[in-house]
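Using our numbering, you'd call the opening residue of the sequence shown number 15 and step up by one each time.
No residue lacks a Cβ here, since even glycine has one placed at the ideal position from N, Cα and C.
None of these values were measured; they are calculated from a predicted model.
Here the structure comes first, spelled out in structure tokens, and everything after it is commentary.
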Amino acid sequence: MAERIDQDGEEMDRLPPEEDDNDSDDEVDRLFELMHEGEEDEEEEEEEVEDEQPLDTESSESFELDTPAERSGHVAVIDRNTMYVWGGYKNAQNHRFFDLYLPRTEIWAYNIESGVWTKHIAGGNLHTSMSGSCGVCVDGVLYLFGGSYSLEAMATAPQGPHQGSFEFDESSSFGWDSPGRGWNNHVHILDLETSTWSQPITTGSRPLPRAAHACATVGNRGYVFGGRYKNYRLNDLYYIDLDTWVWHEMSVPQHGPVGRSWHSFTPVSADHIFLFGGFTTERETLSDAWLYYVSKNEWKPFKHSHTGRPRLWHTACSGPDGEVFVFGGCANNLLAQQRAAHSNELLIFNVQPKSLVRFCMEAVLQHRERLSQYWDCLPKHLFHSLKLRMTHVNTLGS
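Dropping the structure here:
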């Protein structure tokens, strides 16, 4: 299911190519406006930005750095004690409003224990740089789906019924030096041990090309929800079997979550995925939350205390006790003329029932004046946790 975007003269919600890729429309244009706010006439500036598109010129700038270049629209995953970063885009040095896709062969690895970045050069058959993709890591393998890349790159990217397809964004190409861009529905795999890309042959009911979508893994299934495609923000749900590479489309009820991009989709158990926030066709920033029940293929609204804190383009992670931690993002319409309301708030959603240990610790803290004299009898890790909770009171939990 999808929702049509009104054709009101601002057809390019341009945002960072990660989302721009999903939304090579007003979203990216507006983001670039915000990045160049020195000019007064915002309406003329937005029109100018819409006329200029990301360039797929990996070799036009030097990337010989000890740490990753600045970027947005990239993918980051954790495998054991290492975080891996790939893709995205940055501002090009020689083009005022243009984006520059980061090199497709570069994989940056951050060792969480030593705090050291290392660059790996990947081989294999990934043929283009992208932004606005989604990625997950399972057992030392990065699975990448969708995103946006330039029309020039399409010439080298495999197309076909088994590899996926590319859909050109007709509104993205203006001028001799603007190659335009579009969306894809390709699946790529990176073996993190060998730094080698490959592309599986997929079958089944494939999702439309898209960007600014969200994905999650539960067991051997990789789920994809929503995102931007042409003039639509989608509310469809698909999963791919990571063993057979067969795509399956799942029904979304009429009264389920609306179409959106820039949302989060976070697995919280073997049977639940938590959906929060995003940006609608009507340019509304959302604060709604939903639980998707995997075994039943059901959506249920999730009641919480953060309904007054809408978010798009945020991040979300699950915690050990069934919480979902949402950080940052934008709290208003990025495409509007006012300044973007970027947030540094941490929102905590208690999605799963609290454990018995958690209930006991909260009771001990509630009666700490009477019980603190007995804390020395506790195991060291529980004593340490209680001390931390005493000094860092969280007021944003739901």
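Item	Value
Exposed unless 16 or more other CB atoms sit within 10 angstroms - verdict on Q380	exposed
The alpha helix (DSSP H) enclosing F373, as first and last residue numbers	370-380
Run of the beta strand (DSSP E) containing C148, from where it starts to where it stops	148-152
Proximal residues to E263 (C-beta, below 6 Å), its chain only, five neighbours per side dropped	S219, Y252
Stretch pair the stretch 331-338 + the stretch 310-317: three plus CB contacts closer than 8 Å	no
Pairwise C-alpha distance: G270 and L305	10 Å
Identified DSSP bridge partners for F288	T280, L305
Proximal residues to W100 (C-beta, below 6 Å), its chain only, five neighbours per side dropped	V89, I121
Per-residue burial, Q213 [other beta carbons within 10 Å of its own, 16 or more giving buried]	buried
Integer-rounded CB distance, given that R274 should sit under 8 Å from F293	6 Å
Contact check, G87 vs Y103, beta carbons under 8 Å	yes
Contact set for A355: own chain, Cβ-Cβ below 7 Å, skip 5 residues either direction	C344, A345, N346
7 Å CB neighbourhood of L361 in its chain, flanking five on each side removed	H320, R323, V340, L410
Per DSSP, the bridge partner or partners of F159	C148, V201
Limits of the beta strand (DSSP E) - the one that T329 falls within	329-332
Nearest-angstrom beta carbon gap, F239 and V201 [assumed within contact, 8 Å]	The pair is not a contact, with the Cβ atoms about 16 Å apart (cut-off 8 Å).
Spatial neighbours of T210 in its chain, beta-carbon cut-off 8 Å, leaving aside the 5 residues before and after	A136, G137, G138, L204
Distance CB(S283)-CB(Q366) smaller than 8 Å	yes
Residues sharing a beta bridge with K310, DSSP	DSSP output for K310 lists no bridge partner at all.
Local conformation of H398 per DSSP, three classes	helix
Test item: CB-CB of V378 and L402 under 8 Å	no
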